[in-house]
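*Asks:* The sequence shown lines up with residues 0 to 97 when you count with numbering that gives the first Met the number 0.
Cβ coordinates follow ideal geometry from the N, Cα and C atoms, glycine included.
Note that the coordinates shown come from a computational prediction; the quantities given were computed from them, not determined experimentally.
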Amino acid sequence: MTALTIHHDAAAGRFTTQVDGRQGEATYRLVNAPAGPVMHLVHTGVPAALQGRGIAADLVAAAPAEARAQGWRVRPVCSYVRAYMRRHPETQDLLESA
């Protein structure tokens, strides 16, 4: 599979990609916390016809990368994002402190 183009729409709080005329997305809310902004990753969605191709993982990977670039912490609200971050130890330092 060719590399996906992931678009970040900061105003809408989402990362999107188009594959075979269908859209996948990972959405977030940016919350101001005492220690600084926290990206609450709330939903990941890929149409059933696209599942099993790594698209959700590519979408979710874009979120911690953006959080790191902006100096934000991350709260994985979405179960898929929680599992992704557990499988990718390089994202652990971004987790919001309890």
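(1) Is DSSP giving Gln69 helix, strand or coil here?
(2) Pro46 by DSSP, collapsed to three states: which one?
(3) Using DSSP bridges, identify the partner residues of Glu122.
(4) How is the alpha helix (DSSP H) around Val80 delimited, first residue to last?
(5) Just to confirm the assignment, what range does the beta strand (DSSP E) spanning Asp8 have?
(6) What's the C-alpha gap between Asp8 and Glu65?
(7) Assign Gly23 to one of two classes, buried (16 or more other C-beta atoms within 10 Å of its C-beta) or exposed (fewer than that).
*Replies:* This is what the structure holds:
(1) helix
(2) coil
(3) Because the chain here runs from 0 to 97, residue 122 falls outside it and cannot be looked at.
(4) In this chain, the alpha helix (DSSP H) harbouring Val80 covers 78–86.
(5) 6–8
(6) 11 Å
(7) buried
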